[in-house]
Structure formats: structure tokens, C-alpha cells
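Here the structure comes first, spelled out in C-alpha cells, and everything after it is commentary.
Residue numbers (full-length UniProt numbering), protein chains in the order written: chain A, 1 to 448; chain B, 1 to 326.
This is the structure we're talking about:
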């Protein structure tokens, strides 16, 4: 068993209550940070830890914090991005549901480090039950003097609010989240200015993921250097992985970064192998927005080494033969799964969730979805495959926010690695549209 | 001050200037097109993506190129920045792709569209579009909506540039319309049927780059290239009263704000000037309006002096005899 930083006590009965949480060492980091450290020292520890944003982008957290503008007389904000809504990603919901005080502790410690006196947890509106759990935990923290005025007699004040969103995927993008939090339509903002300079209410703001913030207490308690020892290379620490698809043990796992993918898929400690002993066909390793990889490329890197569960290893080979760790939503496909149908399904999602602000994403996502729909339902043409590649290129990199890329990559990568399957659908419409039919031929596995 | 090079032409501009504004200072072909950016409207830009350019050198201090194409209307120049617009294949290809996207749902009804001849999308398609069509799915269409006595919304033509929303937000007392829905189901609307009713509401017509918001007092009265634009003014208690009259003979067919060469209004005008003053006697005529680009009207050279050209000089003598003699 690897080291558990976030989930060590998650199965303890009553851990969602303040009493039990404190009995298991909870809120020690608040005491330590507020009473014995300066905010800059906390930031330095986070920098030393090498902690990278767990929302998907993987940007170094300490560096992000150090970018925060500190003008005199202007409030600063910490916003927790709990708007988890990418297909396949469910780690934050699970974590907040089972261990709400860990997030609140992280929010207090991080807000102190950033000099924020008001912080927000922006949560997806559908997660009403989690919102209630968080509100209950926050009320307990207020009652215990862990939130509010003069926390633990340190002189530091913090108000923490939970804000439910309207339920749009785009509100997980940090600037759209801020717009939504301000009560406006959740459209991404043009950058620059970045939130660190002009964020919530035009004030300096840091937006961090639930898992990122929840990792801070351990770093404060044990030191950034200790955290940096865990993991592999620049992928330090542990990561929550939400594993789903055709595996024996779907669920959320905390792994030390650097675990071999093969071990993660086949070990009983994690996914427990492919469901019903079938063959592995493909994996989307980081949520639906990242490129899909066929079986051989998910197990080995471009250099032929074992692929590891880390930011670097999973992206080895770029978008030709690599993918991304993303938010850690590990989706496994067995031999019976249809890649075309799956790609269409993803395209449907991104088409539905595009905010419509910029032209390539607004028009392109719908276009791809309609073409994929035609192919899936046996009405595709041979040139549709190149059309999809072309449209995905027209979207990629040309949009205001990364939703355009998120829509383009699954389509482009599916065609890159499974072109034969698309061709088979087009050339054999009758067979392809038979219920349960799936392509059994070769895959175009590209090696760098 | 910052020195920036655009398509090989160097110019010095003030700090904080955007690439687009720097290019406009140079003028000519190096100026990227803009469908959503509108100088007088704060916060506009960045949405249509047609002004994407390649920054091949970030600045003198950090010469690394920018990894992606950037929207020139919102990206500020840095000293030593090198930008490629028309000289970069990647930019031209991206622009071609975006024009294709914009035309997916936009009907090619230029022959019957009131914006024909002064439509930014028409110009953009001519300059960057392709003649072949790859989109074969069903297009979206809407019924026309009357937004009060003066404005008609033809949502089918809208490219969601948000200019009208910004205009209503920034120069009028209230905004009753906005963007509803999301993705390609997004649309301009009033949510509950409503009238855009305030002294400056007509300006949403002027800022619309396509024929989505049209002037009901002008619709189908004439084609823009048959009209003659004249600068005129009146003593108006609400606005500057400086307008362009679009006339045919003695008839004032349309009144608009004066626009610069990038189709951006110089001063917003009130509804009284725009819709209620349609007599020549209402105005002090200043002279012909020079239209630089953004309209086929510029092809007519109305402001040039009339030259007395001999009529049909090469006709046979027998025919000439029958013509009226000078």
C-alpha cells in the first residue's frame, strides 16, 4: 500500500464531523501555520513541495500563489474550484462527501498563506447533498473558532462561503467560474489579465482545485521537502484517481505519483484488471478531454519504457503517442467498446457544454458532433474522417479557453489511433449499426 | 513606448496599445480583420477570433514566440514584438477556418439582405473565405423578431459578436436584450418578448457587423450602393447631431452615425436623429461622406468632382446626329 495523504482516515466512521476529524490530527496545520509561520513561509513550503494543480492543468501551485498581486488596500480571494463535471471525473465529489473538514482545513491554511480574508468554495449546483455536508462542516468550524474573527486567537480572520453554480461544465474554467461567482453568465474571460492580478470582483484571486487545497495541510504539517520526496520527478506527492470503465474495481484511489500504469490497471490494489477478463483496448487517462491511447501506448512510452501515472510519463510523446494526466479520471475501454460511439458521446458533451462565446468552439463542436453522429449511425462518407481532423485543427488553440482543445483532442486522437475503426463504420454501415457490433480489426497505433 | 514589427513594418506605439491598434496605425493590408472588436465599446473583442495573428517574437527581453495564435484585438504589444499577419500561413489558414465556421449558420442571402454592400462578414468572406462548402448538416434558422417600431432582429444572420449587448450596456440606460442559451444554441434575445426602447437604441443597428439587427425605417427601401452618403448635422439636444445621411435624389432614405474606415462609429447618435429626421430640410449638409472601406459605396467615388466626359464619342456619325446637341 502506498502512502495516503488525503485518504488516510477517510474510512473512519464519523470523520465528516469536526470531533472525529480533530481526533485524527485534523486542523493541526491551521494551528501551526497561524501561530508559528508567516504567510510567506507557507507559500515557500508549498513551492518546495512541488505540488501541482490537481484540477487538470498541473501548474505548480506554489508558483501560482507567488504570482498573486498584493496591492495595498485591495482584498485578495481564494476560490476553491469544486465544479467537477468532466465525464469520468468524480474524485472531488467523493472526497468532499467523505472528508469535508480536510478541504476546510486546506482552505483556512491556504487563505492564510495568500492573505485572503474571504474565501469561496464554488461547487457544482447538482451536488446539493455535498453542499449540505460542506455547510454543516463549515458551521462546525465557525462554532469551534476555526473560522470567523481571530481564528484560534491568532488575529487572522476568515469567512468561508460555499457557492453553488448553475451547472455548466464551462464554469470549471477558472475565469468562467469567477464570472459565475459574481452572478454573471459563466463565460470565460480573455486573459490577460489573469485572476492573480484581476480575479474575483476585479481583485487578486487564486483559484485552486479541491484536491490541491486539501493537500496543503499535509505539506504544512510535514514540510514541503517531505512531500517532494513522494512521487517521481516533477510529479510529486499523491494523486486521487477516479477509475471507471471496464475494470473490476471502479472507484477513487489515492496513488503515489509514479505507479506504473500496468500496475494500476491490473493490480488488485487498484483497478483489479479488465472486467470479465477481456482484453484492454484503450484508456483515456485524464478525463474525457485528454487524448485517448490504445492499449500498447498506455502501457509503454514512446521510448518503450513503462508508462507511469505521472504528468511527464503520460504526456511522453506529445499528442502523437502520449496523452495527459489531466484531472486523473482514468477511463478504461475493453475490446467490446466502440471507439466511434465513445468519441461521438464525448463530442455530444462538448457540443452541449460550449458556452458559445467564440466562433470556432461554438460552431466547431456542433459540427464535429453532427459528423460523428452520421458516422455512428451508418451515414458517413469516407471524406468525413479527414473533415473531422480538419475541423478539430481549426478549433484547437484558436479559442478563448481550453474547452475548444478539450473538444478537439478526443476526436483527433481517436482518429489518429483508431482510424480503421472509423473507416469500418463508414464502409460497413449495416454491420456497424447492428446492436453490439464492434470493430475487431487492427488499430493504427502511432509510435513517435 | 514600444516598438513592434507587423508583417515586416516597424512602428512605435504607446505602451498598452493592442496589436490590432498598432496595425491600424500602419494601415493597409497588415490590419487584421475584426468582427467582434469595436473600439468605442469597452471590453469588446476576443470572441470572433478572426483577428488571430502569430507572435513570432514576444519581446526584446523575452524573444520566445507565443505558442498559440493570439487575438490581436486584446493582446497588448511589448517592446520588440514581432507579429505576422498576412505573411503567416498558419494565420491565414486559421482565419479561413474561422470564416468557414462563421458561415455555417449564416445564410448567404446577400442579395436580399439590407446589410449587403456594407457587411463585414461579406468582406471577410471575400478576403479569406473559400468557395467550396463542407458543411452538409441542418442549419439553424429563426423567425424574424420585431424589437419595437425601429429594429428588427434576424437571428439567423447573427454571429454572436456581443457588440449590440455591449452597446446597450454601455451607452443606454437599460438593456433588455442579451445572449440566451449556450453553444450553437446561443442567441440574442429579450427572453420575454420585449421592445428595445430608449433614446439610443438605434445604435445597436450601427454596431451590428452583419444584417442581424436592421433599421425598419430603411429595410428594402433601396440598396446601399444606389445611395449617396452625405455628412450632415443638426442642433440636437440629446446627441452630437453629427450624422451621415444616405440619400437618393432629394430623399433621405437612412440616417446613421458617422463611421470610420474600420466601420466603427465616431459618435453614437440618438433615435430622434436616426429615425425621425428624414427631411433634407432637417439637416445642415456638410458635403459628401468619404467611405474608405467596409462598403461597396466606396467604389462609387461620389466625392470626386464630376468631369464633363464626351458622350458616346465613338458612335457612327449617323447615330451622333440623332443625339441631343450640346
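Even for Gly, the Cβ is constructed at its ideal location relative to N, Cα and C. Since we're looking at a predicted model, the values are computed, not measured.
At least 8 Å separates the beta-carbon of residue 332(A) from that of residue 371(A). Listed in chain order, the non-local C-beta contacts of residue 56(B) below 6 Å within the same chain comprise 65, 82, 84, local neighbours out to five positions each way being set aside.
CA-to-CA, the gap between residue 32(B) and residue 162(B) works out to about 19 Å. Residues are counted here when their Cβ sits less than 7 Å from a Cβ of chain B; for the stretch 368 to 388 of chain A these are 370, 387, given in chain order. Cα atoms of residue 51(B) and residue 143(B): separation of roughly 31 Å, rounded to the nearest angstrom.
Three or more Cβ pairs drawn from the stretch 39 to 48 of chain A and the stretch 60 to 69 of chain A lie within less than 8 Å of each other, which places the two stretches in contact.
Look at the UniProt domain "4Fe-4S His(Cys)3-ligated-type" (90 to 129) of chain B: the residues with a C-beta under 8 Å from a C-beta of chain A are 94, 97, 98, 100, 101, 102, 104, 105.
Shown here, residue 138(A) sits in a helix according to DSSP, grouped into three states. Distance check between residue 98(A) and each of 110(A), 71(A), 10(A) places 10(A) closest, using alpha-carbon atoms only. At least one CB atom of chain A sits nearer than 8 Å to the CB of residue 184(B). Spatial neighbours of residue 285(B) in its own chain (CB-CB distance under 7 Å, excluding positions within 5 residues in sequence) are listed in chain order as 230, 232. Residues of chain B whose Cβ lies closer than 9 Å to the Cβ of residue 351(A) are, in chain order, 183, 184. Of the residues 123(A), 418(A), 20(A), 165(A), the one whose Cα lies closest to the Cα of residue 295(A) is 418(A). Residue 122(B) counts as buried, since no fewer than 16 other beta carbons sit within 10 angstroms of its beta carbon. In this structure, 433(A) is the residue among 433(A), 141(A), 89(A) with its C-alpha nearest to the C-alpha of residue 376(A).
Residue pairing by DSSP places residue 159(A) opposite 118(A) in a beta bridge. If you draw a straight line from the Cα of residue 199(B) to the Cα of residue 244(B), it is about 18 Å long. Under DSSP, residue 232(A) takes part in a beta bridge, and its partners are 235(A). Shortest Cα-Cα distance from residue 240(B) to any of 129(B), 269(B), 290(B) involves 269(B). For the stretch 51 to 72 of chain B, the residues whose beta carbon sits under 9 Å from a beta carbon of chain A are, in order, 52, 67, 68, 69, 71. Residues 153 of the same chain have their beta carbon placed closer than 6 Å to that of residue 145(B), with the five preceding and five following residues left out of the count.
Per the DSSP secondary-structure output, residue 59(A) pairs with nothing in a beta bridge. In the displayed model, residue 82(A) falls within a strand according to three-state DSSP.
Around the Cβ of residue 67(B), a 10 Å sphere holds fewer than 16 other Cβ atoms; the residue is exposed. In this structure, DSSP gives residue 265(A) a helical state, which the three-state scheme calls helix.
Taken through DSSP and simplified to helix, strand or coil, residue 112(B) comes out as helix.
Note that the C-beta distance between residue 99(B) and residue 125(B) is below 8 Å. Taking 8 Å as the threshold, the shortest C-beta distance from residue 360(A) to chain B falls below it. Only 398, 399, 400 from the stretch 398 to 417 of chain A bring a Cβ to less than 8 Å from some Cβ of chain B. Within the stretch 104 to 165 of chain B, the runs of alpha helix (DSSP H) that reach at least 4 residues and sit entirely inside it are, in chain order, 120 to 128. Taking the CA atoms as reference points, residue 164(A) sits about 20 Å from residue 147(A).
Annotation: the continuous beta strand (DSSP E) that includes residue 282(A) extends over 280 to 284. Taking 8 Å as the threshold, the shortest C-beta distance from residue 135(B) to chain A falls below it. Proximity of residue 46(B) to chain A, defined by a Cβ-Cβ separation below 8 Å, is satisfied.
Taking each of 255(B), 63(B), 213(B), 186(B) in turn and checking the Cα distance to residue 355(A), the smallest one comes out for 186(B).
The Cβ atoms of residue 394(A) and residue 183(B) do not sit closer than 8 Å to each other.
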